[in-house]
Amino acid sequence: MKTDVAVVGGGLCGALCCWTLQAQGVECVWIRGPGRPTSAVGPGLAVPAPTDHLARVVRGLGVEACLQMWDFGCRGLELLSEVCGQLQVPYSRGVLFLPSNAVEANDLAETEELLRHHGRGIMRAFAGDPSAPSRGGQSLSQARLLESGLSFSPSVLLQALCDVLPAEICIEGSMQPGIGQASGGALLLRLDQGDPVEAEIAIVCAGAASARLVPGLSGWLWPQLGQARIVAGQLPFPAVSANWGHESYQQLEAGRVLAAGFRPDPSPDDRVEEGPPDETFQGFLARFLSLRFGIEGEAEQTLAAALSVTLDNLPLIGPLPGESRLLLATGFCGRGYAFGAAAARALAALIFSGKSTIPRILNPSRLV
Ligand SMILES: Cc1cc2nc3c(=O)[nH]c(=O)nc-3n(C[C@H](O)[C@H](O)[C@H](O)COP(=O)(O)OP(=O)(O)OC[C@H]3O[C@@H](n4cnc5c(N)ncnc54)[C@H](O)[C@@H]3O)c2cc1C
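For the sequence shown, the residue numbers in my numbering are 2 to 369.
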């Protein structure tokens, strides 16, 4: 099979790449790969920045680079809200951070000060719901709202995209490791079943599996198992997402709450592409729900999926060094909704117009 662009990876990033390419009239095929995408497991908390240790990130990268990253992530949020609107997938603006150790670790006051000092009123104190109960000695009224966040259901959005993308572009196969060259000079992607795909350009957005598919990525990119837990319950305030360290929470429909997260200091056991949910981490999520929201009860569902993590904790978005036709969109380090969408938008624009809008700090050229 011949095509202009092959998109490798059946998660939200791959779906949004196909969506934006199709919207620009670019011919593409979508190689979706095995199993359930990570995108179908996590809560839909999309923020245009790393939320953990934000001040440390700002100090480490410099304010200018952070603002570029912020603007880039915001373009991802715009795409998400645009697509959610068109496909009638509910979404809302605003992400609630709970006043916990995360706020201390995040140095929110310092981050706010840094960003305000540099001309952006990105964060704003949020009064919270005064009637909300105080748990663990901390009042929810101390919560803060990160205005630019977006909350949605990634599994619902992914399904909606799968439903509207033309069936004839979808290939239910898996790309095999390594990329060859076809006789006409195009990239040759071999699949585990059926004919290989010959493409002028390939976008590899296969999450953590990208490290196995593309030479040179191992050592830079690895999987980390995240977990989720769904229980019956109602969050005690109208906001839909909250964060406590590395955990996120979301009110689902029909009186269910989803809690999810990953270990800040992962053990080697977490560096796997798939695995079952484990009792220790599930116990942590259960305790948090109980302490913070008073939500008790058995899990209706427990889930585990691998997110992709990079050596410098920043996504890899753009051409692979030495092979400009091979574009990467991976290593989102738990922030794949904003940055995966931003990557889809930027890569489609790069293919369409040849112009790059990707911040240099995210460029895979740093691999060499
Ligand atoms: C518990 C948990 C909570 C999370 N919470 C958040 C959050 O609040 N906010 C946020 O932004 N992010 C969160 N994330 C991370 C987010 O889910 C990911 O960043 C995002 O899903 C990445 O999407 P993706 O499309 O890049 O990859 P994925 O959704 O992982 O999709 C990768 C795709 O590649 C396919 N694939 C694999 N191998 C091959 C192959 N050989 N050939 C072809 N295809 C292949 C897979 O089948 C899959 O379809 C969370 C993750 C987890 C696990």
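We put the beta carbon where it would ideally sit given N, CA and C, even for glycine.
- Task: Compare the C-alpha of Ser291 against each of Gln69, Pro178, Val258 and name the closest.
- Result: By one-based count along the sequence shown, residue 291 stands at place 290. That would be Val258, whose Cα lies nearest to the Cα of Ser291.
- DSSP-derived helix/strand/coil call for Ala50: Residue 50 sits at position 49 when you count from the first residue of the sequence shown. Three-state DSSP puts Ala50 in coil, outside helix and strand.
- My understanding is that Ile32 touches Ile172, with C-beta atoms under 8 angstroms, so please give their C-beta distance in whole angstroms. Translated into positions along the sequence shown, residue 32 becomes position 31. Translated into positions along the sequence shown, residue 172 becomes position 171. Yes, Ile32 and Ile172 are in contact; Cβ-Cβ is about 5 angstroms, under 8 angstroms.
- Task: Tell me whether Leu317 sits in a helix, a strand or coil according to DSSP, three-state version.
- Result: Your numbering for residue 317 matches position 316 in the sequence shown. Leu317: strand per DSSP, three-state reduction.
- Heavy atom of ligand 1 within 7 angstroms of Leu13 beta-carbon: As a position in the sequence shown, residue 13 is number 12, starting the count at 1. Flag set: Cβ of Leu13 near ligand 1.
- So what does DSSP say about Asp5, is it helix, strand or coil? Stepping through the sequence shown from its first residue, residue 5 is reached at position 4. Strand at Asp5.
- Message: Measuring only the C-alpha atoms, how far is Gly120 from Leu218?
- Response: As a first step, residue 120 is located in the sequence shown; it is residue number 119 there, counting from the start. As a first step, residue 218 is located in the sequence shown; it is residue number 217 there, counting from the start. With a pLDDT of only 45 at Gly120, under 50, the local geometry of the prediction cannot be trusted, and the value read off the model is given with reservation. The alpha-carbon atoms of Gly120 and Leu218 are separated by roughly 37 angstroms.
- By the 10 Å Cβ neighbour count, where 16 or more other Cβ atoms means buried, how is Val58 classified, buried or exposed? On the sequence shown, residue 58 is found 57 positions in, with the first residue counted as 1. Val58 should be labelled buried.
- Query: Should Val215 be labelled buried (16 or more other beta-carbon atoms within 10 Å of its own) or exposed?
  - Reply: As a first step, residue 215 is located in the sequence shown; it is residue number 214 there, counting from the start. Under this definition Val215 is a buried residue.
- Would you say Ser154 and Val90 are within 8 angstroms of each other, going by their C-beta atoms? Residue numbering aside, residue 154 sits at position 153 when the sequence shown is read from its first letter. Residue numbering aside, residue 90 sits at position 89 when the sequence shown is read from its first letter. Yes, the pair counts as a contact, with Cβ atoms nearer than the cut-off.
- Query: If you follow the beta strand (DSSP E) that Glu199 is part of, which residue opens it and which one closes it?
  - Reply: By one-based count along the sequence shown, residue 199 stands at place 198. Unbroken beta strand (DSSP E) run through Glu199: 198 to 205.
- Query: Is the beta carbon of Ala233 less than 8 angstroms from the beta carbon of Gly256?
  - Reply: Here residue 233 is taken as the residue at index 232 of the sequence shown, counted from 1. Here residue 256 is taken as the residue at index 255 of the sequence shown, counted from 1. Yes; because the gap between Cβ atoms is below 8 angstroms, this pair is in contact.
- Item | Counterpart residues of Ser354 in DSSP-defined beta bridges | For the purposes of this step, residue 354 is taken as the residue at position 353 of the sequence shown. Partner(s): none; Ser354 has no beta bridge.
- Item | Whole beta strand (DSSP E) elements within the stretch 144 to 187, 3-residue minimum | 145 to 153
- Give the straight-line distance between the Cα atoms of Gly220 and Arg293, rounded to the nearest whole angstrom. Taking the first residue of the sequence shown as 1, we reach residue 220 at position 219. Taking the first residue of the sequence shown as 1, we reach residue 293 at position 292. The straight-line gap from Cα to Cα measures roughly 38 angstroms.
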